[in-house]
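Going from the sequence shown to this note's numbering is simple: count from 1 and add 131.
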Amino acid sequence: MNSRLTELTLIELTESIHRGEVKAEEVVEAYLSKINEKEPQIKAFITVTADLALEQAKKIDNKKEKGKLAGAPLAIKDNILTAGIRTTCASRILENYIPPYNATVVNRLLAEDALIIGKTNLDEFAMGSSTENSAFFPTRNPYDINRVPGGSSGGSAAAVASGEAVASLGSDTGGSIRQPAAFCNLVGLKPTYGRVSRYGLVAFASSLDQIGPLTRTVEDAALMMEVIAGYDPHDSTSASVPVPSYRLALKGEKKVFKIGYLPEEKIKEVTPEIKSAYFNLLNFLEREGFACEALDLKLWDYALPCYYLIAPSEASSNLARYDGIRYGFRYPGEHNLKSLYALTRTVGFGPEVKRRILLGTFALSAGYYEAYYGRARHVRYLIKEEFRKTFASVDVILTPTTPEPPFYLGAKVEPISMYLSDYFTVAANLAGLPAISLPMALTEKGLPLGLQIMAPPFEEERIFWLAFFIEKKVKSKRNIFNWKEEK
Ligand code: GLN
Numbered sequence: 132m133n134s135r136l137t138e139l140t141l142i143e144l145t146e147s148i149h150r151g152e153v154k155a156e157e158v159v160e161a162y163l164s165k166i167n168e169k170e171p172q173i174k175a176f177i178t179v180t181a182d183l184a185l186e187q188a189k190k191i192d193n194k195k196e197k198g199k200l201a202g203a204p205l206a207i208k209d210n211i212l213t214a215g216i217r218t219t220c221a222s223r224i225l226e227n228y229i230p231p232y233n234a235t236v237v238n239r240l241l242a243e244d245a246l247i248i249g250k251t252n253l254d255e256f257a258m259g260s261s262t263e264n265s266a267f268f269p270t271r272n273p274y275d276i277n278r279v280p281g282g283s284s285g286g287s288a289a290a291v292a293s294g295e296a297v298a299s300l301g302s303d304t305g306g307s308i309r310q311p312a313a314f315c316n317l318v319g320l321k322p323t324y325g326r327v328s329r330y331g332l333v334a335f336a337s338s339l340d341q342i343g344p345l346t347r348t349v350e351d352a353a354l355m356m357e358v359i360a361g362y363d364p365h366d367s368t369s370a371s372v373p374v375p376s377y378r379l380a381l382k383g384e385k386k387v388f389k390i391g392y393l394p395e396e397k398i399k400e401v402t403p404e405i406k407s408a409y410f411n412l413l414n415f416l417e418r419e420g421f422a423c424e425a426l427d428l429k430l431w432d433y434a435l436p437c438y439y440l441i442a443p444s445e446a447s448s449n450l451a452r453y454d455g456i457r458y459g460f461r462y463p464g465e466h467n468l469k470s471l472y473a474l475t476r477t478v479g480f481g482p483e484v485k486r487r488i489l490l491g492t493f494a495l496s497a498g499y500y501e502a503y504y505g506r507a508r509h510v511r512y513l514i515k516e517e518f519r520k521t522f523a524s525v526d527v528i529l530t531p532t533t534p535e536p537p538f539y540l541g542a543k544v545e546p547i548s549m550y551l552s553d554y555f556t557v558a559a560n561l562a563g564l565p566a567i568s569l570p571m572a573l574t575e576k577g578l579p580l581g582l583q584i585m586a587p588p589f590e591e592e593r594i595f596w597l598a599f600f601i602e603k604k605v606k607s608k609r610n611i612f613n614w615k616e617e618k
């Protein structure tokens with residue numbers, strides 16, 4: 132078995148398939164044997180679709196004209212619908228749910244001849260930052276199996292980092308693509324709100340949710356975006372803005388001149404290693420000729436509390452549909468309507484999901500609505516405005532992706548401490564901005580740290596250009612961004 136196949140990037144893999152050097156079937160076999168080897172430890176997948184992937188691979192090998200993603204084994208977060216394949220949201224309430232249709236993103240990937248190798252683990256209904264809230268099992272970080280891979284798209288990140296999939300899809304409501312990407316040394320992009328269709332994404336907080344790619348390189352992310360982005364008549368929030376060639380953009384003319392960054396007082400809670408990697412990187416960029424400006428974002432610190440009112444409020448409304456009648460689990464036996472609801476939801480939802488429903492229902496309730504949800508919505512508007520004004524003077528904003536490196540399983544039992552993991556990521560969702568995380572450095576212990584790049588709406592090209600520029604500067608693929616300067 133060619134084990135090197137599982138180390139190729141998405142671009143390398145699909146190019147060698149196009150050139151006829153390898154067959155999709157060999158690729159799937161290599162990946163399945165990697166899954167057999169790694170899964171007992173990593174536990175990235177809820178469902179592995181081995182037979183389906185092999186069947187698809189054979190069909191692709193027989194095709195003359197192959198699509199852009201020909202033969203690429205992809206992992207899909209288990210809150211994205213796949214027709215005929217169980218989609219659980221890592222929840223007991225959807226444990227045996229088999230969707231009758233594909234999400235638009237899945238159809239787009241399949242139309243380009245991608246292969247679906249499996250459905251990945253997540254925090255239940257994407258609520259969490261460690262994948263420990265999965266109702267089934269936690270996923271482990273391939274860089275240290277005693278640590279979390281991040282969340283909520285932890286399974287999607289761990290699968291790509293451990294060689295069990297060449298790339299994956301995640302969803303990001305407050306950081307769930309970027310934070311796991313940072314923890315697993317990957318590239319993860321949350322696109323502009325409206326850039327990618329959410330048709331077939333199980334809704335968590337509809338004004339914040341976006342689907343995006345997790346990949347090994349910036350160019351791989353650009354390729355994935357070319358396939359999944361664009362208008363979809365099935366999603367009324369999707370924008371009819373043309374999709375540029377992101378791969379051309381990253382190799383094209385300079386797109387970033389002025390960089391905004393967070394000054395020391397805004398990042399005082401981060402670990403010393405992250406602080407030094409971040410400021411080393413900024414110094415490096417300044418020497419490369421970029422103008423760097425410290426930003427005075429007065430509302431930055433309000434983003435987290437604002438998010439933790441808006442997201443649970445929307446979740447409490449979205450999750451009302453799991454009533455034991457239309458979808459998924461129903462508490463067995465005969466009950467009147469009220470007790471059927473109560474029993475089904477009490478048994479079907481885990482503790483974090485219940486906490487969010489309670490918080491959200493309270494924030495939306497008569498008498499408190501204006502004081503909580505209404506106030507948060509107003510603050511959200513102000514945050515959006517502050518970014519709009521800031522982007523009049525800088526092209527992008529750079530921040531660390533997380534305040535700390537991957538933490539140990541079980542380290543954050545108290546909910547607020549888990550919520551604080553999202554300090555750098557939630558603002559982009561509140562303002563609808565595109566934001567990427569890419570590898571920034573490894574700690575002394577070899578743990579990955581991520582850099583976040585944010586841009587104005589629909590300026591993914593800027594992000595890709597700068598991310599590619601930074602990635603290119605680094606020599607070794609294994610230890611990508613150890614900011615020990617190149618001489
Ligand atoms: N960690 C955040 C939360 O728990 C974000 C989750 C997400 O982006 N899906 O809400």
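For glycine and all other residues, C-beta sits at the position ideal for the given N, C-alpha and C.
Do residue j and residue i have their beta-carbon atoms positioned less than 8 Å apart in this structure?
i: residue 314; j: residue 579; result: yes
i: residue 462; j: residue 471; result: yes
i: residue 437; j: residue 507; result: yes
i: residue 279; j: residue 537; result: yes
i: residue 233; j: residue 361; result: no
i: residue 533; j: residue 581; result: yes
i: residue 488; j: residue 446; result: yes
i: residue 406; j: residue 566; result: no
i: residue 142; j: residue 293; result: no
i: residue 175; j: residue 290; result: yes
i: residue 627; j: residue 527; result: In this structure the chain extends from 132 to 618, so residue 627 is not present and cannot be described.
i: residue 328; j: residue 369; result: yes
i: residue 221; j: residue 267; result: yes
i: residue 154; j: residue 192; result: yes
i: residue 356; j: residue 591; result: yes
i: residue 554; j: residue 400; result: yes
i: residue 261; j: residue 543; result: yes
i: residue 255; j: residue 455; result: no
i: residue 525; j: residue 390; result: yes
i: residue 453; j: residue 479; result: yes
When you compare each of the options to residue i by their alpha carbons, which one comes out closest?
i: residue 211; options: 323, 344, 354; result: 344
i: residue 247; options: 364, 159, 389; result: 159
i: residue 287; options: 274, 269, 311, 277; result: 311
i: residue 577; options: 284, 258, 404; result: 404
i: residue 358; options: 365, 503, 374, 347; result: 374
i: residue 163; options: 193, 205, 147; result: 205
i: residue 384; options: 135, 243, 600; result: 600
i: residue 422; options: 387, 449, 430, 395; result: 387
i: residue 190; options: 424, 157, 412; result: 157
i: residue 448; options: 491, 433, 432; result: 491
i: residue 194; options: 171, 183, 242; result: 242
i: residue 504; options: 439, 456, 397, 453; result: 439
i: residue 595; options: 553, 517, 351; result: 351
i: residue 302; options: 137, 346, 257; result: 257
i: residue 585; options: 558, 572, 238; result: 558
i: residue 413; options: 431, 394, 269; result: 394
i: residue 378; options: 593, 180, 341; result: 593
What's the C-alpha gap between residue i and residue j?
i: residue 435; j: residue 441; result: 10 Å
i: residue 317; j: residue 568; result: 8 Å
i: residue 563; j: residue 323; result: 6 Å
i: residue 509; j: residue 167; result: 50 Å
i: residue 282; j: residue 240; result: 23 Å
i: residue 465; j: residue 475; result: 12 Å
i: residue 392; j: residue 259; result: 27 Å
i: residue 264; j: residue 249; result: 20 Å
i: residue 103; j: residue 214; result: This structure gives no information on residue 103, because the portion of the chain shown stretches from 132 to 618.
i: residue 165; j: residue 574; result: 27 Å
i: residue 450; j: residue 495; result: 14 Å
i: residue 219; j: residue 227; result: 7 Å
i: residue 485; j: residue 224; result: 12 Å
i: residue 396; j: residue 425; result: 11 Å
i: residue 418; j: residue 603; result: 16 Å
i: residue 618; j: residue 415; result: With a pLDDT of only 37 at residue 618, under the threshold of 50, the placement of this residue in the model should not be trusted, and no figure is reported.
Check the DSSP bridge columns for residue i and list the partner residues they point to.
i: residue 76; result: With the chain running from 132 to 618 in the structure shown, residue 76 is simply not present.
i: residue 272; result: 275
i: residue 204; result: 246
i: residue 424; result: 391
Under the assumption that residue i contacts residue j (Cβ atoms under 8 Å), give the Cβ distance between them as a whole number of angstroms.
i: residue 217; j: residue 229; result: 5 Å
i: residue 144; j: residue 188; result: Actually they are not in contact, since the Cβ atoms of residue 144 and residue 188 sit about 12 Å apart, beyond 8 Å.
i: residue 339; j: residue 304; result: 5 Å
i: residue 277; j: residue 561; result: With 8 Å as the limit, residue 277 and residue 561 do not qualify as a contact, their Cβ atoms being about 33 Å apart.
i: residue 148; j: residue 197; result: 7 Å
i: residue 348; j: residue 140; result: 5 Å
Quick check: does the Cβ of residue i come within less than 7 Å of any heavy atom belonging to the ligand SAH?
i: residue 571; result: Judged by which ligands are present, the ligand SAH is missing from the structure shown, whose ligands are the ligand GLN.
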